[in-house]
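As you go down the protein sequences, you meet chains L and V in turn. Here the first sequence stands for residues 505 to 621, numbered as in our numbering. Here the second sequence stands for residues 11 to 123, numbered as in our numbering. For reference, the structure discussed in these notes is given below.
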Amino acid sequence: DTEVTQTPKHLVMGMTNKKSLKCEQHMGHRAMYWYKQKAKKPPELMFVYSYEKLSINESVPSRFSPECPNSSLLNLHLHALQPEDSALYLCASSQVNPRILGKNEQFFGPGTRLTVL
Amino acid sequence: KNQVEQSPQSLIILEGKNCTLQCNYTVSPFSNLRWYKQDTGRGPVSLTIMTFSENTKSNGRYTATLDADTKQSSLHITASQLSDSASYICVVSFNTGGFKTIFGAGTRLFVKA
Chain L
505 DTEVTQTPKH
515 LVMGMTNKKS
525 LKCEQHMGHR
535 AMYWYKQKAK
545 KPPELMFVYS
555 YEKLSINESV
565 PSRFSPECPN
575 SSLLNLHLHA
585 LQPEDSALYL
595 CASSQVNPRI
605 LGKNEQFFGP
615 GTRLTVL
Chain V
11 KNQVEQSPQS
21 LIILEGKNCT
31 LQCNYTVSPF
41 SNLRWYKQDT
51 GRGPVSLTIM
61 TFSENTKSNG
71 RYTATLDADT
81 KQSSLHITAS
91 QLSDSASYIC
101 VVSFNTGGFK
111 TIFGAGTRLF
121 VKA
């Protein structure tokens, strides 16, 4: 299985709602990532988990809360979002081995299209 | 400053023609360079990944080159098809005690019949 899956594909939420995005991979990757992508822009890194521990938080507002319950799953909990948070949210995974160059190729999921009203 | 710049910003070609996309980077110390294809509203799909010692890598009609001395990479698409219409993103990783990744802004390719 060389696939990263994300659910839901589309999500529309109000500014007072609480929702979660889910990501799953079964490639044995121990690094997982959340990216935010606005239209016609490259993905922007939000969070990196390595061995189920948060290793990078790119100064993301606290209304975004990541969670890594196990090595295959990555969640992104959303609360009190703003309309400008509307974007494509991408999950990715990769191997983790800094001693082996070129082995951190990231595999991306199809993304969740989020619209905040 | 670590940067990845891609050119052109967008490109229109006729079906069946070849094209070449460019990626220049100022990243150090370099680890690897990847080319991704991203269809609108979808996640990026990896085309090639190259490390410092690799000059060329092919994936079907896609051929990527890397010149680590000049810090330039190109992605050549042969015999383009309508389905090649997408954004092509150059991604460079570097190792400063932990891997960091910089995405280029991408080249939007439109293939017309």
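Where is the CB? At the ideal position from N, CA and C, for every residue including glycine. Bear in mind that the values here come from a model prediction, so they are computed numbers and not experimental data.
Who are the neighbours of residue i on chain V, taking C-beta pairs under 8 Å?
i: G613 (chain L); result: G53
i: E549 (chain L); result: In the sequence as displayed, the identity of residue 549 (chain L) is Leu instead of Glu. T111, listed in chain order.
For residue i, which three-state DSSP category applies?
i: P546 (chain L); result: coil
i: E588 (chain L); result: helix
i: S524 (chain L); result: strand
i: D77 (chain V); result: strand
i: S566 (chain L); result: coil
i: L92 (chain V); result: helix
i: K27 (chain V); result: coil
i: Q82 (chain V); result: strand
i: L621 (chain L); result: coil
i: F62 (chain V); result: coil
i: A535 (chain L); result: strand
i: G606 (chain L); result: Only weak support is given to the placement of G606 (chain L): the predicted model assigns it a pLDDT of 49, under 50, and the question is left unresolved by the model.
i: P39 (chain V); result: coil
Is residue i close to chain L? Criterion is C-beta to C-beta, closer than 8 Å.
i: G116 (chain V); result: yes
i: S17 (chain V); result: no
i: I59 (chain V); result: yes
Taking Cβ-Cβ distances shorter than 9 Å, what residues in chain L pair up with residue i?
i: S56 (chain V); result: E609, Q610, F611, F612
So is residue i buried or exposed if we call it buried at 16+ other beta carbons inside 10 Å?
i: D589 (chain L); result: buried
i: P602 (chain L); result: Low per-residue confidence applies at P602 (chain L): pLDDT is 48, beneath 50, and the placement is therefore not dependable enough to give any value.
i: P39 (chain V); result: exposed
i: S598 (chain L); result: buried
i: F120 (chain V); result: exposed
i: I135 (chain V); result: The shown model of chain V, from 11 to 123, leaves out residue 135 (chain V), and the question about it has no answer.
i: R71 (chain V); result: exposed
i: F62 (chain V); result: exposed
Just checking: is the beta-carbon of residue i within a distance shorter than 8 Å of some beta-carbon in chain V?
i: L580 (chain L); result: no
i: L594 (chain L); result: yes
i: R617 (chain L); result: yes
Who are the neighbours of residue i on chain V, taking C-beta pairs under 9 Å?
i: R567 (chain L); result: Near R567 (chain L) there are no residues of chain V at all, since even the closest Cβ is about 23 Å away, more than 9 Å.
In chain L, which residues lie with their C-beta within 7 Å of the C-beta of residue i?
i: I99 (chain V); result: P546
Which residues, in chain order, does the region 71 to 93 of chain V contribute to contact with chain L at a C-beta distance below 7 Å? Identification of residues in the region 71 to 93 of chain V having a C-beta nearer than 7 Å to some C-beta of chain L yields an empty set.
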